[in-house]
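These protein sequence lines map, in sequence, to chains B and V. Counting along the first sequence from 1, when you hit position 199 you're at 199 in the working numbering, and nothing is skipped either side. Counting along the second sequence from 1, when you hit position 89 you're at 89 in the working numbering, and nothing is skipped either side. Just below is one structure, and these are the notes that go with it.
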Amino acid sequence: MFSDFSIVNHGTDRRGFIKSVGATGALLFTANWTWAQDKPAKKYGGEGMPGGTKSDPKLFVAINYDGTIDITVTRSEMGQGIRSSLALVVAEEMEADWNRCRVLQAVGDEAKYGNQNTDGSRSMRHWYEPMRQCGATVRAIIEAAAAAGWGVPIREVRASKHSVIHALSRRKADFAELVGVVGSFESPDPISIRYKSPRTYRYIGKEHTHSADAVSMVSGTAIYGGDTRSAGMVYAVVARPPVLGSTVESFDGSEALKVKGVLKVMPIEGAAVPSGFKPIGGIAVVAENTWAAIKGREVLKVDWSSSPHDSYESEAHRQSLEEASSKPGKLVRSVGDVEAAFSKAKKTHVATYYLPHIAHAPMEPPVSTALLRNNFLEIWAPTQAPQAARTEAAERAGMPLEKTRINVTLLGGGFGRKSKADFINEAVEIAKAFPGRAARVQWTREDDIRHDYFHTVSGEHLEASLNRRGKVSGWLHRSVAPTIASLFGPDPKHQQAFETNMGHSNIPFAIPNVRIENPEVAAHTRIGWFRSVSNIPHGFAVQSFIAELAEEAGRDPLRFYLDLLGDDREINPDEFKDGWNHGEDPKKYPVDTGRLKNVLNVATKEAGWGKRLPKGRGMGFAVHYSFVSYVAAVLEVEVEKDGNLIVHKATMAIDCGPRINPDRIRSQMEGSCVMGIGLATTGEISFENGSAKQSNFHDYQVPRISLAPKSISVHLVDPEKKVELGGVGEPGVPPIAPALCNAIYAATGKRIRRLPIGDQLA
Amino acid sequence: MTTIHLNGQDREVDAPEDMPLLWAIRDVLGFTGTKFGCGMGLCGACTMHMDGAPIRSCVTPISAAAGKKITTIEALGRQKVGKAVQEAWVKVGVPQCGYCQCGQVMSATALLTSNPSPNEEEIETSMAGNICRCGTYNRIKTAIHTASDSLKGGAK
Chain B
1 MFSDFSIVNH
11 GTDRRGFIKS
21 VGATGALLFT
31 ANWTWAQDKP
41 AKKYGGEGMP
51 GGTKSDPKLF
61 VAINYDGTID
71 ITVTRSEMGQ
81 GIRSSLALVV
91 AEEMEADWNR
101 CRVLQAVGDE
111 AKYGNQNTDG
121 SRSMRHWYEP
131 MRQCGATVRA
141 IIEAAAAAGW
151 GVPIREVRAS
161 KHSVIHALSR
171 RKADFAELVG
181 VVGSFESPDP
191 ISIRYKSPRT
201 YRYIGKEHTH
211 SADAVSMVSG
221 TAIYGGDTRS
231 AGMVYAVVAR
241 PPVLGSTVES
251 FDGSEALKVK
261 GVLKVMPIEG
271 AAVPSGFKPI
281 GGIAVVAENT
291 WAAIKGREVL
301 KVDWSSSPHD
311 SYESEAHRQS
321 LEEASSKPGK
331 LVRSVGDVEA
341 AFSKAKKTHV
351 ATYYLPHIAH
361 APMEPPVSTA
371 LLRNNFLEIW
381 APTQAPQAAR
391 TEAAERAGMP
401 LEKTRINVTL
411 LGGGFGRKSK
421 ADFINEAVEI
431 AKAFPGRAAR
441 VQWTREDDIR
451 HDYFHTVSGE
461 HLEASLNRRG
471 KVSGWLHRSV
481 APTIASLFGP
491 DPKHQQAFET
501 NMGHSNIPFA
511 IPNVRIENPE
521 VAAHTRIGWF
531 RSVSNIPHGF
541 AVQSFIAELA
551 EEAGRDPLRF
561 YLDLLGDDRE
571 INPDEFKDGW
581 NHGEDPKKYP
591 VDTGRLKNVL
601 NVATKEAGWG
611 KRLPKGRGMG
621 FAVHYSFVSY
631 VAAVLEVEVE
641 KDGNLIVHKA
651 TMAIDCGPRI
661 NPDRIRSQME
671 GSCVMGIGLA
681 TTGEISFENG
691 SAKQSNFHDY
701 QVPRISLAPK
711 SISVHLVDPE
721 KKVELGGVGE
731 PGVPPIAPAL
741 CNAIYAATGK
751 RIRRLPIGDQ
761 LA
Chain V
1 MTTIHLNGQD
11 REVDAPEDMP
21 LLWAIRDVLG
31 FTGTKFGCGM
41 GLCGACTMHM
51 DGAPIRSCVT
61 PISAAAGKKI
71 TTIEALGRQK
81 VGKAVQEAWV
91 KVGVPQCGYC
101 QCGQVMSATA
111 LLTSNPSPNE
121 EEIETSMAGN
131 ICRCGTYNRI
141 KTAIHTASDS
151 LKGGAK
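As structure tokens, then:
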């Protein structure tokens, strides 16, 4: 029905791919499979997510008559390589040849596919086992079909490289030869499914750059949010309230309508604060092309109402945050007696750090397309949360869920921004006004930066005492930052467990007296998840402060740090207050100080910690636990006389448990490193009169090629024991900013306590 | 009505003179390989070649392209250098989200066309106008060297 859109398959341009007969000619695994996927109810991991996980092959695998395999991936691709990595897991267990596999993208359908929220660095750790099971099940079916065809026992055949082999009779059948028969075979009992031996892996854990999307991405054929097209499509941009809580008082679209190509000027219904993921309202200018819409908006007149947040001003807010952090606040966690430790101490040290709001600024600004036709709503969008977007879109359009389809395109970067469906529902609103015509909403870069769900702003106050042996005897950390919960609730003023357990209350140090406090602060803009979230401010403050303490104690920072970690031990996250641990089972995922120590040792050794450096250079490190992975970073920097910063070398070590696609782990560390350097050096959104002052890449600067380290080496560390899968997309970010500032201190003696660094080195 | 010579063919574009080439090619002609990133010539996502030189199409009015030879990512693989750059990008595994990479590839192709053996500094200068938010810069450098080597017949 919607064949005029060009977005069905992303994978067809991969080099070496043999054209398949396509979905209509595919043999789907719809045979009488009765085996249950039921597992004992768990409340952690993938099972703890809405919709849980699925491993039924008929959802994910189809074999075409030419033997090529279509593998459906349900997670959103935003640069982490998940479309390739998960499909490779299926291909591996199936014994399929990657060059004869095609990756399809699932529509948003949680009831059918299980959870699709692509966030929290959890796609692989929640979906590795289901996808292995799926692939192994398909292989068992294919082997059974071949054995039956040859009249030999199943145990005598084995699948290998897209064929089934019967060695005793030297017979071999390509998967293509078995397509006609596999459908009639019943599924095996899941208990009987044999998994491949890791020794025989060709893809899992192997070094390669197999990608479902790389060729299309460099050829201009990859489909992102703004790349679907249809005849008669309309294009819109929206003028949105400049201040949180402001609304349209009146508007005059007469001049806008005079611009050639402008079709309509119309209000977008906005939600009141707290607006969640809903649009904040405004006036849309709808036109025959994007340029006409932009020109029309330039001459649109809108009067905005005043708002309680009109006075939000960043410099005054910074002072209020720092003041709040200097006084006692809500107690989050207390161990021992900090005040007694401080009063007995040989030495105490105090520092306050500040980190501003930052914007995600994915290279693809928010964009999406919606079409209401024949009593059906169809959407094309770069979304991290397809089901939530679908549900809200259906509600907004007054359509039942089953008549609402959301096609998930590639995301031109997400970083947390595209978990929110506000931009998708703007397109739905316009589609309602143009039935039968596809409606595209394009955010300009200015829209993206001014109306982001910003990373929080925070004041971090730390105090510690050192005993006579130079060991930390007491630790007080107050973190003051608007909470993400302010998006959903009536004015919450404290960080939630999922925020404090990102490097604030879950510190794994051997300190006898600890006090973690969370003074209150209100949010004056929309606060959202930014890649690694609260680990950024907490990690920056904690890792910087430990380096300061080492200096106070007159000790080498590395030895001081290792000492602070104490004996190797596994800490049950339940020991931390509100022991939230990225949604994972505390028994399976203890916080392991030995693993932290290990990555720190590897990174510092590989970086040459302690070696003599040329004048003007310095080295700094940081190590951080987040998303149930362990990452250490060592940066070597030079600060030139004029204050110009050069990052010569970055050395990173990650222990994320078993590794599925090593090259994509490495690429995530490289990207995290660059993003971390960017937020530390220039990342700042500041507010004036309630509005974001920055608007585009001239005043909100993100790293360019010259700021990237001259070299980045990433070391993938083998855990010394059997451990569970950890996250990869986010945990590389938190150690970068503190490692950088620790290196700057080593190079210059200047301690950075306020981000961004900006011109503080000049 | 403006006529441009796009990827080897003359195309008539019915658009106001001030419409940026980016939107004319994406919305009016329907070629979506070139991406919108900033609208101010700051990020390079919209890089095309005009008479062989890299331009930011988001700030180039269609009137300035009248009668000019425009090459977009869709046709880059027909050029020897462009094809080598695309292949190097895949081999090195440069793309993450991929959104900026067409622009990166256009800029890198222009660089290698004028300077077949760029050093690190020349690469940084030539690629300074292309932002990658995923931070693939180190692999971009590696891929440019890889493409340079392959074009010299010394593919590693």
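In this text, a Cβ means the ideal position worked out from N, Cα and C, and glycines have one as well. Being a predicted model, the structure only gives us computed values, none of them experimental.
Not a single CB atom of chain V sits nearer than 9 Å to the CB of G416/B. Proximity to V152/B across K172/B, G135/B, G67/B and S160/B peaks at K172/B, based on C-alpha coordinates. For Q387/B, no CB of chain V lies under 9 Å from its own CB, so it is not counted at the interface with that chain. Look at the beta carbons and you see the segment 437 to 447 of chain B not touching the segment 137 to 149 of chain B: under three pairs across the two are nearer than 8 Å.
Between V59/V and chain B, the shortest Cβ-Cβ separation is not below 9 Å. Among the residues of chain B, those whose CB is under 9 Å from the CB of G37/V are M363, E364, P365, G412, R445 and F697, following chain order. Minimum Cα-Cα distance from V262/B among the listed residues V273/B, L300/B and S230/B corresponds to L300/B. Per DSSP, H126/B is one residue of the alpha helix (DSSP H) stretching across S123 to W150. In this structure, the beta-carbon distance from S505/B to K577/B falls below 9 Å. Taking a contact to require three or more Cβ pairs closer than 8 Å, the segment 128 to 144 of chain V and the segment 75 to 90 of chain V qualify as touching.
The straight-line gap separating the alpha-carbon atoms of H477/B and E129/B is approximately 39 Å. Here Y113/B has K54, L59, T74 and A106 as same chain residues with Cβ atoms under 7 Å from its own Cβ, once five neighbours each way along the sequence are excluded. With respect to chain B, the C-beta atom of D10/V has no partner C-beta closer than 9 Å.
The beta carbons of G276/B and F415/B sit about 19 Å from each other, so the pair does not count as a contact at 8 Å. Distance from the Cα of R202/B is smallest, within the candidate group E186/B, N99/B, T290/B and V237/B, for N99/B.
Of the candidates G220/B, G413/B, G51/B and S121/B, the residue whose Cα lies closest to the Cα of G79/B is G413/B.
Counting other Cβ atoms within 10 Å of its Cβ, N644/B stays below 16 and is therefore classed as exposed. Taking a contact as a CB-CB distance under 8 Å, the pair H698/B and L42/V counts as one, their CB atoms being some 6 Å apart. For the segment 276 to 289 of chain B, the residues whose beta carbon sits under 9 Å from a beta carbon of chain V are, in order, E288 and N289. Contact note: G33/V reaches chain B through S219, G220, T221, A222 and D227, using a C-beta cutoff of 9 Å and chain order. Boundaries of the beta strand (DSSP E) harbouring G282/B: G282 to A287, taken from the DSSP string. Proximity of chain V to M675/B at the Cβ level (cut-off 9 Å) is accounted for by R133, C134 and G135, in chain order. In the three-state reduction of the DSSP assignment, M94/B falls in the helix class, which pools H, G and I. Taking all protein chains shown into account, R468/B has fewer than 16 neighbouring C-beta atoms within 10 Å of its C-beta and is therefore exposed. Fully enclosed beta strand (DSSP E) runs of no fewer than 3 residues occupy 47 to 50, 53 to 56 and 69 to 71 of the segment 35 to 76 of chain V, in order along the chain.
Judged by DSSP in its simplified three-state form, D563/B adopts helix.
For R56/V, the nearest beta carbon of chain B is not closer than 9 Å to its own beta carbon. The Cβ-Cβ distance between T72/V and I25/V falls below 9 Å. In the DSSP assignment, N518/B forms a beta bridge with K330/B. Between V215/B and chain V, the shortest Cβ-Cβ separation is below 9 Å. Comparing alpha carbon positions, the residue from R531/B, R155/B, H349/B and R526/B closest to G470/B is H349/B. Counting of Cβ neighbours within 10 angstroms places S254/B among the exposed residues, the total staying below 16. Contact annotation, Y224/B with L410/B: C-beta distance approximately 5 Å; criterion of less than 8 Å satisfied.
Looking at the backbone, the Cα of G226/B and that of A381/B are separated by about 8 Å. Rounded to whole angstroms, the separation of the alpha carbons of H624/B and G120/B is 16 Å. The alpha carbon of A128/V has as its nearest neighbour, out of R56/V, A84/V, G8/V and Q79/V, the alpha carbon of R56/V.
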